[in-house]
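The numbering used here applies: residue 97 is where the sequence shown begins, and numbers increase by one. Glycine included, C-beta positions come from ideal geometry on N, C-alpha and C. Only a predicted model underlies this, so the values are computations on that prediction, with no experimental measurement involved. Structure, as structure tokens:
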Amino acid sequence: MHTIIIISAGLLLLGVCAAVGRLARGPEGMLRAFLWFLPLWGVGAAINMYVGIKHAGYSFSEELPIFLIVFGVPSMLALGLRWWLRRAPDNAR
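In structure tokens:
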């Protein structure tokens with residue numbers, strides 16, 4: 097359940113980044129915001145991994161697959177959306 101909550105937080109952060117990018121710079125800003133999301137979410141996922149190791153008592157090798165899922169799902173969505181929107185005609189963005 098915790099993993100689903102953390103992934104949901106990543107998706108929420110992705111939405112916030114996209115909205116801020118769109119409001120600040122239009123469609124091109126949103127495309128750039130998807131790239132800015134990646135290191136932001138990397139830090140968030142790493143903090144989650146640290147908490148799992150330090151406070152929940154998991155080992156690094158136990159937390160690593162969870163980190164890859166927690167980081168990977170929102171990141172792949174961000175990159176997929178960026179790819180898809182770059183292919184769209186300008187009037188469809």
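Three-state class that DSSP yields for residue i in the structure shown
i      : result
Tyr146 : helix
Ile153 : It is Gly, not Ile, that sits at residue 153 in the sequence shown. Coil at Gly153, not helix or strand.
Met126 : helix
Limits of the alpha helix (DSSP H) - the one that residue i falls within
i      : result
Gly176 : Phe156 to Arg183
Cβ contact check for the stretch 100-118 and the stretch 129-144: 3 or more pairs under 8 angstroms: The answer is yes - the stretch 129-144 touches the stretch 100-118, with three or more Cβ pairs under 8 angstroms.
Cβ contact (3+ pairs, closer than 8 angstroms) linking the stretch 114-133 and the stretch 145-152: At 8 angstroms Cβ cutoff, the stretches do not touch.
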